[in-house]
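Before any comments, here is the structure.
In the working numbering, the protein residues as written are -3 to 421.
Structure (structure tokens):
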């Protein structure tokens, strides 16, 4: 079948890579795509991925049987709704369900209504009320912009003063409309990890756990980012933890069709961000799509036909989803632009990717790349490349991934050197 993937980041490159090698895939298109997807699919740079009308026309003109929505913005905009109304199968939840990611307060209300374990919280649309709550609760405490903020609208404040500053930033417009409402949560303690599930017709089919590294610098220091690396499996997740996480994801999937207040058309990936607390796993957040960079370490372990899996999910056939996973250890290291997650320069020439990919078990997913007027591959985003390596052990995977990182060069290259060190411990 012909498939269209929406998005341009490392997650979408990883999805396209997995679809390109799936036996069920015929022609593969990515809109708008990036420098990496161009090598395995046809990039369509002209489409507005948040507007269903041109997408419907393209699908009809190119006999597209399945559309896979990568990022959150098109889901929140209701692209899946429009495509489904036109009779096109879509891997991605409808607009109402996308609020699980698009609004943190909505997500907390959903969890509260269905007894899904999560942190205690307060919701505020007034700066003064939010500041009063922070002072009453004390620190450490977590301050979150309610809306979509590209993974940067969350502050884990160690002091009341830091929390007050985070609240003021939100209400002063640092995150635009996303910060017009603020959610303030208790600070849960424990290792974080994620479990992604294929969700369809109220059923959850879990994938393998992954753990990412949100902070910009080694030792989990610095500001939150969209993610500086990830690995899978997660050795600190016990069998009891995993069973509890699977149960929570099944509970959330069933709640998605429970209606009327929270009855959704959920056909896609549900991302569960977990904290492994002393009281058991609790949800930190839900995302309505594949995680980034978790996807880059989960999909290389999938041995099933991803295209067939996604079509079954999109058509409401969860009973037809069969997942087979390798025992590989997979590590992803993000190469970022100097200054990320703050301001950074673009247009730096990238060298060495082909040399890096000659190493056994190594693949490089493009996240923020473009071609300049001279046809050179250059940086075009904060997170530039996802360097991924598989190995029989984490030692082997880490050795390969960091050797690959050394072979890639662009001016101002920034990376963490401690990705997956936790797994070794």
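A virtual CB, placed ideally from N, CA and C, is assigned to each residue, including glycine.
Whole-angstrom C-beta distance between residue j and residue i, which should lie under 8 Å
i	j	result
residue 368	residue 343	7 Å
residue 80	residue 101	Incorrect: roughly 27 Å between the Cβ atoms, too far for contact.
residue 284	residue 2	Not quite, the Cβ-Cβ distance comes to about 13 Å (not below 8 Å), so this is no contact.
residue 0	residue 60	5 Å
residue 282	residue 241	Not really, about 13 Å apart at Cβ, beyond 8 Å.
residue 88	residue 62	That pair is no contact at about 11 Å.
residue 55	residue 84	5 Å
residue 252	residue 93	6 Å
residue 272	residue 189	7 Å
residue 66	residue 8	4 Å
residue 180	residue 126	6 Å
residue 111	residue 91	No, residue 111 and residue 91 are not in contact; Cβ-Cβ is about 25 Å, not under 8 Å.
DSSP state of residue i mapped onto helix, strand, coil
i	result
residue -3	coil
residue 267	strand
residue 453	Residue 453 is absent from the model: the chain starts at -3 and stops at 421.
residue 401	helix
residue 25	strand
residue 336	coil
residue 295	helix
residue 225	strand
residue 429	With the chain covering -3 to 421 only, the question about residue 429 has no answer from this structure.
residue 423	A question about residue 423 goes unanswered here, because the residues of the chain that appear run from -3 up to 421.
residue 323	coil
residue 41	coil
residue 210	coil
residue 84	coil
residue 252	coil
residue 277	strand
residue 166	helix
residue 72	helix
residue 346	coil
residue 282	strand
residue 272	strand
residue 479	Not covered by the structure: residue 479. The range shown for the chain is -3 to 421.
Candidates the options, of which the one nearest residue i by Cα
i	options	result
residue 286	68, 252, 50, 247	68
residue 339	148, 52, 32	148
residue 221	332, 98, 25	332
residue 297	36, 315, 326, 193	326
residue 420	196, 313, 394	394
residue 23	40, 31, 272	40
residue 200	365, 308, 377	308
residue 352	385, 168, 91	385
residue 216	411, 99, 291, 35	411
residue 277	115, 34, 78, 219	115
residue 311	294, 165, 219, 64	64
residue 152	316, 379, 399, 280	280
residue 233	274, 218, 122	274
residue 321	165, 197, 53, 202	202
Beta-carbon gap between residue i and residue j smaller than 9 Å
i	j	result
residue 230	residue 206	yes
residue 226	residue 11	no
residue 191	residue 268	yes
residue 330	residue 382	yes
residue 195	residue 264	yes
When the Cβ atoms of the stretch 397 to 412 are set against those of the stretch 342 to 360, are three or more pairs found closer than 8 Å?
The answer is yes - the stretch 342 to 360 touches the stretch 397 to 412, with three or more Cβ pairs under 8 Å.
If we count Cβ pairs, one from each stretch, closer than 8 Å, do we get three or more for the stretch 295 to 305 versus the stretch 8 to 28?
Three or more beta-carbon pairs drawn from the stretch 295 to 305 and the stretch 8 to 28 are found closer than 8 Å, and the two stretches are therefore classed as touching.
Looking at C-beta atoms only, is the number of pairs between the stretch 166 to 180 and the stretch 131 to 142 that lie closer than 8 Å three or more?
Here the stretch 166 to 180 lies against the stretch 131 to 142, with 3 or more beta-carbon pairs under 8 Å apart.
Three or more C-beta pairs under 8 Å: does that hold for the stretch 355 to 375 against the stretch 179 to 195?
Taking 8 Å as the limit for Cβ pairs, the verdict is that the stretch 179 to 195 does not touch the stretch 355 to 375.
Sufficient close CB pairs (3 or more, under 8 Å) joining the stretch 207 to 217 to the stretch 159 to 166
Verdict: no, contact absent.
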